């Protein structure tokens with residue numbers, strides 16, 4: 027086995043063991059309350075301390091009735107155990123906006139890698155992974171138990187956990203307050219959080235780097251161009267003066283969605299923005315239009331909860347044979363999602379046979395099938411976490427055909443595979459750093475194309491499982507505000523254009539652009555931005571990649587962020 031891979035695996039094993047012994051997976055540490063702020067310990071491992079911070083920031087009364095939890099802003103704070111306790115004393119603070127349908131938990135690996143790498147160089151930086159306000163609607167009670175069956179029973183069968191009963195997935199009739207959660211409130215929330223946590227504007231301007239992943243790059247663009255006191259002549263409050271620099275992870279810092287082609291599926295319930303800003307907003311206000319973004323397959327609260335539950339199983343018993351597919355309740359939503367993800371062709375999708383529950387899979391293999399770029403069709407959900415093992419595989423030619431030269435950006439270009447033998451061998455998962463080893467079967471497509479290679483695999487499946495199944499703030503975003511997307515799609519309307527008060531703010535500070543080599547911008551890299559390109563990476567890999575890669579080199583995204591944090595100029 028490659029020596030560097032062996033060292034990486036040993037480091038991961040030690041880190042995960044430390045997390046388990048410090049309570050990081052249970053969130054059992056006590057919270058300290060300072061007025062309208064709480065900070066709760068999540069755990070400490072590998073020299074990185076993680077906490078979840080909540081700051082009270084009530085919405086204006088005009089938003090109407092909402093849960094009390096929605097008057098708080100939350101983020102995951104990562105810092106060096108050898109560094110200062112106060113954020114204001116850190117050498118740098120990186121503040122990251124999540125992408126579409128994405129929560130703070132998705133930044134777990136890149137945050138840890140960046141903080142660790144900086145500490146190795148004698149610098150103590152912090153990484154803040156922001157949660158959007160609408161994540162207040164998520165209930166983590168079931169997944170927080172760390173047991174898949176308990177979680178399924180809680181969310182889908184009405185069983186109690188600790189005396190609490192799940193209130194159900196939130197319908198449009200209970201989301202009236204979200205009709206106002208557009209780009210203006212989103213950047214205001216970031217400003218209010220920064221001002222509360224770092225009250226000295228000079229500290230913010232000197233130490234904070236503002237950025238994000240995917241849609242987070244566009245949000246950062248609007249933040250950079252915003253004015254927060256209503257007086258353009260006074261610029262201490264301007265977005266550009268809250269940051270020393272900007273960073274973009276598989277995106278660009280802009281006020282346009284043009285660079286994010288393929289990040290929003292065509293079958294989501296987005297309203298027709300051709301109706302105009304006023305008509306769309308009226309529809310959101312009245313509830314005639316959906317106030318949160320969803321799709322009939324995978325991208326809705328009920329099915330996104332399954333991703334977290336799959337992560338729980340992969341952490342709990344990675345090599346154990348999974349019973350999640352058969353333990354789940356049978357309903358149209360879950361059945362359609364399973365067919366979409368696990369059908370090898372159109373006929374299998376239509377008949378439902380063989381079904382995912384007909385295959386023997388380990389818990390890791392279930393998670394891999396849900397998230398790996400050689401399995402999941404949707405490009406913006408893909409990561410490179412290894413490949414199936416333990417039995418023969420076959421081409422997955424649904425919803426698009428392997429090798430098609432006209433695959434749309436939504437599905438990416440990687441060949442897809444699926445287990446070939448139902449009721450057969452136990453399919454295991456070959457982690458990213460075991461692809462290409464001497465015992466690798468080297469699976470190939472029917473046309474002779476290898477499904478993958480060591481240089482295309484970058485994310486450790488256990489790190490992904492931890493991020494998806496054990497974080498106090500979700501990896502996914504179950505209730506993404508429709509208005510945030512429609513605002514950005516209507517960027518030329520007067521109501522949105524007025525938010526770009528300081529357009530020069532977009533270029534007022536240095537910018538680091540890091541792109542996934544096989545991500546959303548593959549084949550159309552904006553050379554004028556002089557981006558760092560992470561070869562072999564998919565859209566999510568810029569957040570989830572392991573600290574040591576298969577070539578023995580340090581992970582390039584966190585390396586670039588660390589260097590940028592040292593000197594953004």
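Numbering (the working numbering), first residue to last: 27 to 595. Backbone N, C-alpha and C fix where the C-beta goes; we use that ideal spot for every residue, glycine too. Just so we're clear, the structure is a prediction, and the values are computed from it rather than from any experiment.
Excluding its 5 nearest sequence neighbours in each direction, residue 513 has C-beta neighbours in its own chain below 6 angstroms: 208, 209 and 522, listed in chain order.
Taking the C-beta atoms as reference points, residue 393 is found no nearer than 7 angstroms to residue 317.
Judged by beta-carbon spacing, residue 310 lies within the 7 angstroms limit of residue 509, meaning their Cβ atoms are closer than that value.
Within the stretch 254–298, the runs of beta strand (DSSP E) that reach at least 3 residues and sit entirely inside it are, in chain order, 271–275.
The beta carbon of residue 341 sits closer than 8 angstroms to the beta carbons of 51, 172, 488, 491, 492, 495 and 496 from its chain, once the five residues preceding and following it are set aside; these are given in chain order. Separation of residue 565 and residue 112 (C-alpha to C-alpha, rounded to the nearest whole angstrom) is 33 angstroms. Here DSSP, grouped into helix, strand and coil, assigns residue 444 to strand. Secondary structure at residue 412: strand, using DSSP grouped into helix, strand and coil. With a minimum length of 4 residues, the unbroken runs of alpha helix (DSSP H) contained wholly in the stretch 342–425 fall at 350–353, 358–368, 372–377 and 389–397. Beta-bridge analysis with DSSP links residue 457 to 412. Judged by beta-carbon spacing, residue 122 lies beyond the 7 angstroms limit of residue 157, meaning their Cβ atoms are not closer than that value. In the pairwise beta carbon analysis, the stretch 274–283 is classified as touching the stretch 240–252: at least three pairs are separated by under 8 angstroms.
Taking 7 angstroms as the cut-off, the Cβ atoms of residue 303 and residue 281 do not count as close. For a cut-off of 8 angstroms, the C-beta gap from residue 396 to residue 333 is around 6 angstroms, short enough to register as a contact.
In summary, residue 212 is buried, with 16 or more beta-carbon neighbours lying within 10 Å of its beta-carbon over all protein chains present. One Cα belongs to residue 294, the other to residue 506, and the distance between them is close to 11 angstroms. Between the stretch 497–504 and the stretch 515–532, the count of C-beta pairs closer than 8 angstroms stays below three; the two stretches do not touch. In the DSSP assignment, residue 76 falls within the beta strand (DSSP E) that extends over 74–82. Shown here, residue 477 sits in coil according to DSSP, grouped into three states, outside any helix or strand. For the set 139, 101 and 124, the Cα lying nearest the Cα of residue 73 is the one of 139. By the neighbour-count criterion, in which 16 or more other beta carbons inside 10 Å mark a residue as buried, residue 364 falls on the buried side.
According to the DSSP assignment, residue 230 belongs to the alpha helix (DSSP H) that extends over 227–233.
Burial is judged here by how many other beta carbons sit within 10 angstroms of a residue's own beta carbon; residue 259 has fewer than 16 and is exposed.
A residue is called buried once 16 or more other Cβ atoms fall within 10 Å of its Cβ, and residue 430, having fewer, is exposed.
Here residue 181 carries a helix assignment [DSSP, helix/strand/coil]. The beta carbon of residue 326 lies closer than 6 angstroms to those of 320 in the same chain, with the five residues before and after it left out.
Taking residue 108 as the centre and dropping the five residues before and after it, the same chain places the C-beta of 73, 145 and 150 closer than 8 angstroms to its C-beta, in chain order. When the alpha-carbon of residue 86 is set against those of 279, 204, 106 and 63, the nearest one is in 204. Between the stretch 368–377 and the stretch 413–427, the count of C-beta pairs closer than 8 angstroms reaches three or more; the two stretches touch. Checking the DSSP bridge columns, you'll see residue 67 partnered with 77. With a beta-carbon spacing of about 6 angstroms, residue 563 and residue 484 fall inside the 8 angstroms limit used to define contacts. For residue 194, the closest C-alpha among the options 214, 344 and 166 is that of 166. In the DSSP assignment, residue 142 forms no beta bridge with any residue. A residue is called buried once 16 or more other Cβ atoms fall within 10 Å of its Cβ, and residue 454 is buried on that count. Taking a C-beta distance under 7 angstroms as the contact criterion, residue 168 and residue 182 do not qualify as a contact pair. Judged by DSSP secondary structure, residue 567 falls within the alpha helix (DSSP H) whose first and last residues are 567–570.
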